[in-house]
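Under full-length UniProt numbering, the first residue of the sequence shown is numbered 1, with each subsequent residue one higher. All C-beta atoms, glycine included, are put in the ideal place defined by N, C-alpha and C.
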Amino acid sequence: LVILPHNLLIVDYGLGFLGSVHDVYAFQHTRTSKEHAELLGNHHWIWSDSAYPSEPWCVVPFK
Numbered sequence: 001l002v003i004l005p006h007n008l009l010i011v012d013y014g015l016g017f018l019g020s021v022h023d024v025y026a027f028q029h030t031r032t033s034k035e036h037a038e039l040l041g042n043h044h045w046i047w048s049d050s051a052y053p054s055e056p057w058c059v060v061p062f063k
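Okay, structure coming up:
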């Protein structure tokens, strides 16, 4: 899991989970999930797939 804003600089990543874990579980343990306002800034958001939670800063295509 890697998070890249429009400038393509990596702002966060998730790794270190042994075995197989669901994407949402890994995402919930990232800094972006907990501190999205500081990392993404105002009026910024990320795209995610439909497995992720829909938030104002985390846009899910369709559920």
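Please return the same chain residues whose Cβ sits closer than 7 Å to the Cβ of residue i, not counting the five positions on each side in sequence.
i          : result
residue 64 : Past the boundaries of the shown model lies residue 64; the chain is included only from 1 to 63, so the question cannot be answered.
F17        : A26
V2         : I10, Y13
Near residue i, what residues of its chain come up, given a Cβ to Cβ distance below 8 Å and the 5 sequence neighbours on each side ignored?
i   : result
W57 : H36, A37, L40, H44, W45, I46
D49 : D23, V60, P61
Y52 : D23, V24, F27, C58, V60
K34 : none
Could you pull the DSSP bridge partners for residue i from this structure?
i   : result
D12 : I3
W47 : V59
State the start and end residues of the unbroken alpha helix (DSSP H) segment that holds residue i.
i   : result
D23 : 23 to 28
Please classify residue i as buried or exposed, where buried requires at least 16 other C-beta atoms within 10 Å of its C-beta.
i   : result
S54 : exposed
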